[in-house]
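Take 153 as the starting number for the sequence shown in this note's numbering and just add one per residue. Glycine is no exception: its CB is placed at the ideal position from the N, C-alpha and C atoms.
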Amino acid sequence: MAAASGRVLVVDDSEVIRQLIKVNLELEGFEVVTAADGAECLEVVRGVAPDVVTLDVVMPRLDGLRTAARLRASRDTAHLPIAIVSACTPADLERGESVGVDGYLAKPFDPAELVALVRRLRASAGPGGRRFAYDFGSPPSAGPALAGPARAATQTPRDSALGEQAQELVRPDDPRP
């Protein structure tokens, strides 16, 4: 049975990152199951029945974007909210949007941003819930999710259609304050 806050499947090839994400989510009441790559994710996802899946992009055997595409292609998992938690290139972000990724959080990340993103994605998955093509960090009222000296405002056509404000995104190669 899932914890009161929900169950999250965390997929990352780095054991350190998996444990960091796991600890931060468990401190907030989430039940967390981990997988070391996309292939393992696809093996365990149906048995785990997560409320949210977080994926790294660069992983052995099956990368995060191909994993997201396979999750979306299956009727059993097509509904799952998927967040990319990775240091991505702009091309990765575009590919993620094209396969139906719901959120993105850049590494290194603030643990509070991770928890907020997972909570929003879990809440958006219910009946009548709203799904976002990308949800960069905090909701607009909480300020910019990702900040740095070189900022690029990113807004997808779907965000515009939904009336969402653009969130700021720091490129993975930009220094962080």
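Beta-carbon contacts of residue i that lie in its chain and below 6 Å, excluding the five residues immediately before and after
i	result
residue 163	187, 193 and 207
residue 277	233
residue 173	162
residue 230	224
Same chain, Cβ closer than 8 Å to residue i, five either side skipped, listed in chain order
i	result
residue 210	165, 216 and 238
residue 98	Past the edges of the chain, shown from 153 to 329, lies residue 98, and the structure says nothing about it.
Whole-angstrom distance between residue j and residue i, CA atom to CA atom
i	j	result
residue 182	residue 273	13 Å
residue 190	residue 179	25 Å
residue 223	residue 203	13 Å
residue 271	residue 220	19 Å
residue 269	residue 257	8 Å
residue 171	residue 185	10 Å
residue 248	residue 218	9 Å
residue 240	residue 266	16 Å
residue 198	residue 252	19 Å
residue 205	residue 260	18 Å
8 Å contact criterion, which residue i and residue j should meet: CB distance rounded
i	j	result
residue 176	residue 233	18 Å between Cβ atoms; not a contact.
Buried or exposed (CB count within 10 angstroms, at least 16 for buried), residue i
i	result
residue 242	exposed
residue 315	Reliability fails at residue 315, whose pLDDT of 33 lies under 50, so the model's placement of it is uncertain and the value that follows must be treated cautiously. Label assigned to residue 315: exposed.
residue 294	Since pLDDT at residue 294 reaches only 36, below the 50 mark, its modelled position is unreliable, and the value read off the structure follows with that caveat. That one is exposed.
Chain-order list of residues whose beta-carbon lies under 7 Å from that of residue i (same chain, five-residue window excluded)
i	result
residue 245	256
residue 157	180, 181 and 182
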